Amino acid sequence: MEKTRDYSQGICLLRTFFYSLFLIRFNLIMLIVGWVLLLIPQGQDAIIAYASGDAAVKSTLLFFFWASYWAFSIWFFARTMYRFEFSLGGLNLDRRFFDWLRIMLPRYLGPVAFVAVAHVLWQIPAEDAADSRIGLWRFVALGMVPASYLFFRYRRLISNKLAGLITAGKLASVKHGLETSEVQEEWGLTSLRDLFNGAWGKTVIIISLVGIVATVAGFTAPVSMGFFFGAILVFFIWAGSWLPLGSLITYIGNKRGYPMVLLLLLLAVIFSAGNDNHAIRLADPAPQRMKLDSAVLDWLDQPQASEGRRDLLLVSTAGGGIRAAYWTATVLGELHKIDNFEHMLFAISGVSGGSVGASVYRALLSDGAPRETLQQRAQAVLSRDFLGPVTTALLYPDLAQRFLPNMDLMDRGRALEMAWEEAYRDETGAASFGNSMEQLYSGKSPWPALFLNATRVETGRRSVASNLRFDHLHRNGSGLFAVVDDQLADIGHDLPLSAAAHNSARFPGVSPAGHWRDEEGRIAGRIVDGGYFENYGAETILDLLQVIRENRGVEEGGSLRGVNLHIVAISSDPALPIPYTREPLSRTSSVAHELLSPLDTLLNTRSARGIEALNRLETATRELNGTFYHFRMLPSEGGSQASNPPLGWTLSGNARKRIEDYLQHPLNSRQLIQLQQRIRPAVVSGSNTVVPRMIR
2 MEKTRDYSQG ICLLRTFFYS LFLIRFNLIM LIVGWVLLLI PQGQDAIIAY
52 ASGDAAVKST LLFFFWASYW AFSIWFFART MYRFEFSLGG LNLDRRFFDW
102 LRIMLPRYLG PVAFVAVAHV LWQIPAEDAA DSRIGLWRFV ALGMVPASYL
152 FFRYRRLISN KLAGLITAGK LASVKHGLET SEVQEEWGLT SLRDLFNGAW
202 GKTVIIISLV GIVATVAGFT APVSMGFFFG AILVFFIWAG SWLPLGSLIT
252 YIGNKRGYPM VLLLLLLAVI FSAGNDNHAI RLADPAPQRM KLDSAVLDWL
302 DQPQASEGRR DLLLVSTAGG GIRAAYWTAT VLGELHKIDN FEHMLFAISG
352 VSGGSVGASV YRALLSDGAP RETLQQRAQA VLSRDFLGPV TTALLYPDLA
402 QRFLPNMDLM DRGRALEMAW EEAYRDETGA ASFGNSMEQL YSGKSPWPAL
452 FLNATRVETG RRSVASNLRF DHLHRNGSGL FAVVDDQLAD IGHDLPLSAA
502 AHNSARFPGV SPAGHWRDEE GRIAGRIVDG GYFENYGAET ILDLLQVIRE
552 NRGVEEGGSL RGVNLHIVAI SSDPALPIPY TREPLSRTSS VAHELLSPLD
602 TLLNTRSARG IEALNRLETA TRELNGTFYH FRMLPSEGGS QASNPPLGWT
652 LSGNARKRIE DYLQHPLNSR QLIQLQQRIR PAVVSGSNTV VPRMIR
């Protein structure tokens, strides 16, 4: 009997503990979500970027001010929730243990927020922490753990001491407020009205007002707010200022017994049928594009080099978020230093971040950026913190839209595109990145052509946005480009360059699938990241080679007639082995293998398909007696791969420096020299302007 009583008492204590956690579940969610988001590589790099800025004192103060705001809100609203008396609903709880928990748990939850910050800071590798304030911030965060606990534990004593320090007759109202703030804290509240008596209620109002101001800014100007604060501070502000609303929802659920989380999920499911706000941004309809086969003929008809042969360059550039964009811009900018490089470059096939970098390069080329500074300008455009605008739009309008009928609120995809456009405009003074593809090429050479690879959701096929038209090549389901969708022809509109690049870079989580509608207003199709199909852009270059081969013909020795072929592949995976075809095996699942094996296979197949396409492209190049160059993310002499650049949309200064150093690796340096030696400047008359042959 004695053992039974002990067992029952233990169950009662456990029930009491979990019930105490249940009452403050929203606070726990905000704590756990924040910890996880800060810990992922993109969160760490966002911290590194913020810690590497010029304003050392300002950034340090702002970082820890808003981190303290987050921690304070977690403590404050946990404490607030425990001040209410809720019906136990027949639960057999240990009352003395519960009274102890509702005093102690908030005191620990607040400091745990600083434990999360300290843990994340200490997880940042030493090479990334160098040349930043991470080292200082680590110790400050550690010091904030006991400091915050002491504040929450002895706040009454602290407030009384502060009141005593104020000279009598001066700031008497402040002194009175400090002396009475804890006196007015009462337990056993039964309604929300009782909460707003005294200083405690004023604190609720202040935090709620901060949340209202932040929400208005997040809804009306997510790009400006994201650029101003950055992703990390935006999260702290959002998490801290939305705790009043989350606590109100939790209060209603605790008071009425409603399953509020389940009801919110049900609302999201109900409204999901009609609240898709992820529409693709459109430009003028029916763009007048040159046909691909006509473009090939026109390009080949241009003046040849002295011995009657011409260098033809095609580039494929892989996906990989902002690191791929920055690396692509860096490589293309370096190649652009070769005289008349742009006259030899016929097309660029990009995927995901590679498409973004290629689009920035092409826009700068269209705007006449000087050869000597084009690379620097491209890097400057892509150095901005694009994660800030994405995070702001995600946490404010995009998240709210999930629980509302369709109001066409700003989605995070549009915010990302607008952030690219603003960064380009700030650097160059031009609006080219927001112009349509037709405007980008209007009155200028159609080369180098862009082929921005996305994936069509309904078919799983490549959906390619290009300034060249190719839908006519596969009529009746056969012919060249037979299993590739002409994205602009399918949509029936031209696209802003930023939107076309983004359609190729809609990778999971950060950017949702984009849709377009038919004439009746129904969703006609959706597009996601090109990396779902093939992450290297090699398949499209293989298709282009086939078009060129059929229009140009092949000499007796196997070379393209009158053409010296050069293929440049840009990959963006630092873990890619040497040789790249030796793909390392992933670890076999030993737990839940029946569930995980199909998922692992799908993910590994996606990667293997890209490697296979790249290998077939290299083989086809050799068969045509061409030269193949592969620029890879390889560390320079003495460099390290301990911390790879992140895949998201922000890069710290250290990450950018690491990407730039990849060009110094012997393999990349040697290929760059070989390419410079093998290509000869094309004979061009006048400018780069060509009168295209329009065949409809």
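Going by our numbering, the sequence shown opens with residue 2, and the numbers climb by one from there.
The beta-carbon is built from N, C-alpha and C at its ideal position, and this holds for glycine as well.
In this text, all values refer to a predicted model and were calculated from it rather than measured experimentally.
Ignore the nearest five residues each way along the sequence and tell me which others in residue i's own chain have a CB closer than 6 Å to its CB.
{"i": "tryptophan 239", "result": "Leu396"}
{"i": "valine 569", "result": "Val316, Tyr630"}
{"i": "methionine 472", "result": "For clarity, residue 472 is aspartate in the given sequence; the question names methionine instead. The residues are Asp487, Ala490."}
{"i": "serine 653", "result": "Asp46, Ile49, Ala50, Ser53"}
{"i": "aspartate 412", "result": "Asn278, His279, Asp399"}
{"i": "leucine 283", "result": "His494"}
{"i": "asparagine 536", "result": "Ala319, Gly320, Val352, Gly611"}
{"i": "phenylalanine 482", "result": "Phe471, Leu474, His475, Asp544"}
For residue i, count the other beta carbons within 10 Å of its own beta carbon; 16 or more makes it buried, fewer makes it exposed. Which is it?
{"i": "glycine 627", "result": "buried"}
{"i": "tyrosine 425", "result": "buried"}
{"i": "alanine 291", "result": "For clarity, residue 291 is methionine in the given sequence; the question names alanine instead. By the neighbour-count rule (16 or more Cβ atoms within 10 Å), methionine 291 is buried."}
{"i": "glycine 170", "result": "Note that glycine 170 scores 47 on pLDDT, short of 50, meaning its location in the model is unreliable; the coordinates nonetheless yield the value given after this. That one is exposed."}
{"i": "tryptophan 123", "result": "exposed"}
{"i": "proline 223", "result": "buried"}
{"i": "valine 680", "result": "It should be pointed out that residue 680 corresponds to isoleucine in this sequence rather than to valine. Counting Cβ neighbours within 10 Å, isoleucine 680 comes out buried, since at least 16 surround it."}
{"i": "leucine 15", "result": "exposed"}
{"i": "valine 37", "result": "exposed"}
{"i": "leucine 293", "result": "buried"}
{"i": "glutamine 10", "result": "exposed"}
{"i": "glycine 430", "result": "exposed"}
{"i": "aspartate 619", "result": "The sequence given here places glutamate at residue 619; aspartate does not occur at that position. Classification of glutamate 619: buried, given that the 10 Å Cβ count is 16 or more."}
{"i": "phenylalanine 534", "result": "buried"}
{"i": "serine 443", "result": "exposed"}
What separation, rounded to the nearest whole angstrom, lies between the Cα atoms of residue i and residue j?
{"i": "phenylalanine 347", "j": "isoleucine 41", "result": "39 Å"}
{"i": "threonine 318", "j": "alanine 416", "result": "24 Å"}
{"i": "leucine 267", "j": "leucine 249", "result": "19 Å"}
{"i": "alanine 614", "j": "leucine 366", "result": "29 Å"}
{"i": "phenylalanine 27", "j": "alanine 79", "result": "9 Å"}
{"i": "asparagine 468", "j": "glycine 515", "result": "20 Å"}
{"i": "glycine 354", "j": "methionine 105", "result": "48 Å"}
{"i": "leucine 496", "j": "alanine 450", "result": "15 Å"}
{"i": "leucine 244", "j": "leucine 405", "result": "20 Å"}
{"i": "tyrosine 259", "j": "isoleucine 207", "result": "28 Å"}
{"i": "leucine 410", "j": "glycine 526", "result": "20 Å"}
{"i": "phenylalanine 152", "j": "phenylalanine 64", "result": "19 Å"}
{"i": "histidine 503", "j": "glycine 414", "result": "8 Å"}
{"i": "arginine 470", "j": "glutamate 521", "result": "25 Å"}
{"i": "aspartate 427", "j": "glycine 611", "result": "35 Å"}
{"i": "proline 636", "j": "isoleucine 579", "result": "13 Å"}
{"i": "glutamine 402", "j": "methionine 419", "result": "19 Å"}
{"i": "tryptophan 517", "j": "arginine 523", "result": "8 Å"}
Who are the near neighbours of residue i in its chain, counting only those whose CB is closer than 7 Å to its CB and skipping five residues on each side?
{"i": "leucine 545", "result": "Leu315, Ala348"}
{"i": "arginine 154", "result": "Arg108"}
{"i": "glutamate 624", "result": "Gly559"}
{"i": "lysine 338", "result": "Arg372"}
{"i": "threonine 216", "result": "Tyr397"}
{"i": "alanine 272", "result": "According to the sequence displayed, residue 272 carries phenylalanine and not alanine. Only Phe404, Leu405, Pro406 meet the Cβ criterion."}
{"i": "tryptophan 67", "result": "Leu234, Phe237, Ile238"}
{"i": "asparagine 255", "result": "Leu24, Phe87"}
{"i": "glycine 554", "result": "Arg562"}
What whole-angstrom Cβ distance do residue i and residue j have, given they're in contact under 8 Å?
{"i": "proline 667", "j": "serine 437", "result": "Actually they are not in contact, since the Cβ atoms of proline 667 and serine 437 sit about 42 Å apart, beyond 8 Å."}
{"i": "arginine 462", "j": "aspartate 487", "result": "The Cβ separation is near 11 Å, so there is no contact."}
{"i": "phenylalanine 115", "j": "alanine 72", "result": "6 Å"}
{"i": "isoleucine 571", "j": "threonine 456", "result": "Wrong, their Cβ atoms sit about 20 Å apart, outside the cutoff."}
{"i": "valine 297", "j": "valine 548", "result": "6 Å"}
{"i": "glutamate 335", "j": "leucine 673", "result": "7 Å"}
{"i": "glycine 320", "j": "serine 573", "result": "7 Å"}
{"i": "alanine 325", "j": "glycine 358", "result": "7 Å"}
{"i": "leucine 24", "j": "tryptophan 76", "result": "Contact flag wrong, Cβ pair sits at about 14 Å."}
{"i": "glycine 322", "j": "glycine 649", "result": "5 Å"}
Who are the near neighbours of residue i in its chain, counting only those whose CB is closer than 8 Å to its CB and skipping five residues on each side?
{"i": "glutamine 677", "result": "Ile339"}
{"i": "leucine 94", "result": "Cys13, Arg16, Thr17, Tyr20"}
Tell me whether residue i, by its Cβ, gets closer than 7 Å to a heavy atom of the ligand NAP.
{"i": "isoleucine 253", "result": "Absence of the ligand NAP is noted for the structure shown, with no ligands found whatsoever."}
Given 8 Å as the limit, is there contact between the region 213-233 and the region 386-400, that is, 3 or more CB pairs closer than that? yes
Mind the definition here: the region 327-343 touches the region 534-542 only if three or more C-beta pairs lie below 8 Å; say whether that holds. no
Within the chosen definition, does the region 559-569 reach the region 372-384 through at least 3 CB pairs nearer than 8 Å? no
Answer yes if the region 45-65 comes into contact with the region 127-144, meaning at least three C-beta pairs across the two stretches below 8 Å, and no otherwise. yes
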